[in-house]
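This report concerns only the one structure given below.
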Amino acid sequence: MRKILVAATCLCAGSALAQSKSGDWDKIVEAGRKEGKVVVSIPSSSDFRKGLEKTFERRYGIQVESVTARGSASVRRIADEAKAGVHYFDLHLGGSQSIITGLLPEGILAPVADYFLLPEVKDPKNWWGGHIWTDSGKKFIYTSLAYSTENFWYNGELMKPGEIRSFDDLLDEKWQGKMGFLDPRTPGSGASLWSYMHELKGEAYLKRLVGQKLLLGRDQRVLAENVAKGNLKLVMGLTYYSFAPFVKAGLPVHPLPEPKEGVYISGGSGHLVVLKDAPHPHATKVFVNWLLGKEGQDIFSKTMGQGTRRLDVDTKALSEVGVTAAKDIYPPEEYDKRENNSEEKIRTIRIPAAALARKLLGR
């Protein structure tokens, strides 16, 4: 059984945030305390929610109201409320596709760099690859993570990892009716994997894969539970944080080794946007600088099992859950070749692949 990543880190006494003596910064923090809270839409991870709420409030005396849901559902709510003139959320943190298709076109996002105040956040030298933006305008969607992940998870009592070394092995008839896939018709890691398979293997391959009678699902926990309890041997498109409760419970779920086709670099849930007319503007500034600082990225990376780009955060232990931070193995110039979360890749690769998914699987 793999060691479990700790859910949160201890407070970092040497943090630049704690030591900041800037009069302007202190005034912003005090104004944030008067606002009382910051409202953040985040991925559905109880460890991440608890880690950020407890640490941030203890650090600054500002409450974090976390709203957890699948990214596409949160984005839909934020967009609908904005159209109705409702400003409830301050920030959203999640996958890139739902943001690019659901928030960016609505004109409701504020320039994120305007919220970079502390040197440890502003200085691109602290980040692998410098500052990386997901939107083509390099303004509204900041990408704090970059990592490769094994998003094939299996039940160790039902199969051996050596049985699948290539995407082609998934087409063996012995897997028929025994595999699950996070629904690729909606934005998320399932759609990301599906588009990668489409780019590498083509439409004919995906037709044969669909013929394996995949169990499709949009509820990540339910899919993970099906593998943990042995109802499925393997599921595709899920990553560590979906399996974390089952790993901690000692159930036999493990990530498969990297297939011979390789894996892409993902931005995971680390795409940060700030909403225009945020109801708690000062608390939002404090939260952005904390989240993108060493302490915030350390907690994010460990609880979510996703690799930060911050150079001062140790990400080596992520290998225990099948994740490798890009900064630990790749030079920065590899990012453009391997990433799959930019606006350009979403529009040219992932949206067409999602259209194929709807064609093969129905609406």
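Numbering (my numbering), first residue to last: 71 to 433. Using N, Cα and C, we set each Cβ at its ideal position, and we do this for glycine too.
Label residue i either buried or exposed according to how many other C-beta atoms from any shown protein chain fall within 10 Å of its C-beta, with 16 as the threshold for buried.
i: glycine 320; result: exposed
i: arginine 278; result: exposed
i: isoleucine 202; result: buried
i: aspartate 150; result: exposed
i: proline 325; result: buried
i: threonine 418; result: exposed
i: valine 358; result: buried
i: isoleucine 399; result: exposed
i: arginine 379; result: buried
i: lysine 91; result: Note on lysine 91: pLDDT 45, under 50, position unreliable in the model; the coordinate value appears next. Exposed, since its Cβ has fewer than 16 Cβ neighbours within 10 Å.
i: valine 292; result: exposed
i: leucine 308; result: buried
i: valine 393; result: buried
i: glycine 131; result: exposed
Shortest alpha-carbon distance to residue i belongs to which of the options?
i: valine 109; options: Phe210, Asp193, Phe126, Asp160; result: Asp160
i: methionine 63; options: Ala261, Leu163, Thr394, Tyr224; result: In the structure displayed, the chain extends from 71 to 433; residue 63 sits before or after that span and is not available.
i: lysine 283; options: His268, Trp245, Arg255; result: Trp245
i: serine 214; options: Gln367, Tyr405, Gly375; result: Gln367
i: leucine 228; options: His268, Val343, Ala298; result: Ala298
i: alanine 154; options: Asp398, Ala274, Glu176; result: Glu176
i: lysine 318; options: Ala396, Lys192, Ser116; result: Ser116
i: proline 351; options: Glu105, Asp94, Trp95, Asp96; result: Glu105
i: valine 333; options: Ser262, Arg103, Leu293; result: Ser262
i: isoleucine 25; options: Gly300, Val292, Gly199, Val191; result: Coverage of the chain is limited to positions 71 through 433, which leaves residue 25 absent and any answer about it impossible.
i: proline 327; options: Asn221, Glu269, Gly363, Gly281; result: Asn221
i: lysine 391; options: Ser111, Tyr217, Gly340; result: Looking at the sequence provided, one finds valine at residue 391 rather than lysine. The candidate whose alpha carbon is nearest that of valine 391 is Tyr217.
Counting only beta-carbon separations shorter than 7 Å, does residue i have a partner in chain C?
i: tryptophan 197; result: The structure shown has no chain C; it contains just one protein chain.
Can you tell me whether residue i is helix, strand or coil according to DSSP?
i: histidine 324; result: strand
i: phenylalanine 222; result: strand
i: leucine 174; result: helix
i: glutamine 290; result: helix
i: alanine 425; result: helix
i: lysine 91; result: Low confidence applies here, because lysine 91 scores a pLDDT of 45, under 50, leaving its location unreliable; read the following figure in that light. Looking at lysine 91 - three-state DSSP - the assignment turns out to be coil, as it is neither helix nor strand.
i: lysine 415; result: helix
i: arginine 72; result: With a pLDDT of only 37 at arginine 72, under the threshold of 50, the placement of this residue in the model should not be trusted, and no figure is reported.
i: glutamate 135; result: strand
i: glycine 141; result: helix
i: lysine 230; result: coil
i: leucine 304; result: strand
i: valine 156; result: coil
i: lysine 97; result: helix
i: threonine 309; result: coil
i: lysine 124; result: helix
i: serine 116; result: helix
i: lysine 104; result: helix
i: leucine 179; result: strand
Am I right that residue i and residue j are in contact with their C-beta atoms under 8 Å? What's the rounded C-beta distance?
i: aspartate 205; j: glutamate 413; result: 5 Å
i: serine 166; j: glycine 337; result: 6 Å
i: serine 236; j: proline 329; result: 5 Å
i: isoleucine 98; j: valine 356; result: 6 Å
i: serine 487; j: alanine 423; result: The structure shown does not extend to residue 487, since the chain is modelled only from 71 to 433, so the question has no answer here.
i: tryptophan 197; j: leucine 381; result: 7 Å
i: valine 182; j: tyrosine 212; result: 5 Å
Could you check if residue i belongs to the surroundings of the ligand ZN, using beta carbon to heavy atom distance under 6 Å?
i: threonine 171; result: Among the components of this structure there are no ligands whatsoever, and the ligand ZN is therefore not found.
Continuous alpha helix (DSSP H) assignments of at least 4 residues falling wholly in the stretch 320-382: 351-361, 364-374
Complete runs of the alpha helix (DSSP H) confined to the stretch 245-279 [at least 4 residues]: 259-271
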